[in-house]
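Residue numbers for the sequence shown follow my numbering, so the first one is 815 and each next one is one higher. Here the structure is laid out as structure tokens; the discussion comes afterwards.
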Amino acid sequence: AFFSVLRYVNLLGTGHGPMSSSGGAQVRINAQVLGMGPQFKILVRIQNAGSTSLNDVPVHCTTNPNLYRIPKPCFFLPILVPQQVYLLEVPVACINENGGTASVRIFLASQHSHVPLISAVVQMPISEPPLLDF
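Structure (structure tokens):
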């Protein structure tokens, strides 16, 4: 059990866990998929766990364009106040009639570095087929 705790701490330290402290900023991210398809929402919770505000934080969402469409894959968060939790809804539509599954990657970028502040990989569920109109 002790070694698994050490591995978790190492993950956090390298930016691969739910919290990153890249470039002096401390950011937490959590994502949850809502819906059964073909229309989904990814509910993203972002928290600035640091002591200073972050301004104009770029957010980028990427996925397999043959399976999913994200209407607005890039946008900015105007400000992340310390200790405040921000909720974002990212709409995702499955555009493949056979369904399929892939992951959606969400990156919070830094304007001062090429390395993202933090990222989340969201594994999408298999989409239900679209309802047919009679």
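Glycine residues also receive a C-beta, built at the ideal position from the N, C-alpha and C atoms.
C-beta atoms of residue i and residue j nearer than 8 Å
i: V858; j: L902; result: yes
i: P852; j: E942; result: yes
i: V904; j: Y882; result: no
i: A845; j: I909; result: no
i: S867; j: L894; result: yes
i: I856; j: V841; result: no
i: T877; j: V935; result: no
i: Q937; j: D870; result: no
Reduced DSSP category for residue i - H, G, I as helix; E, B as strand; rest coil
i: F817; result: A caution first: F817 carries a pLDDT of 43, below 50, which makes its placement in the model unreliable, though a value can still be read off. Correct three-state label for F817: helix.
i: L931; result: coil
i: L881; result: coil
i: P892; result: strand
i: E911; result: coil
i: H876; result: Note on identity: in this sequence residue 876 is Thr, with His being the wrong assignment. In this structure, T876 counts as strand in the three-state DSSP scheme.
i: P905; result: strand
i: I940; result: coil
i: S917; result: strand
i: S924; result: coil
i: Q897; result: coil
i: A863; result: coil
i: Q846; result: strand
i: K855; result: strand
Supposed contact pair residue j and residue i - C-beta distance, whole angstroms, cut 8 Å
i: V873; j: P939; result: Contact flag wrong, Cβ pair sits at about 22 Å.
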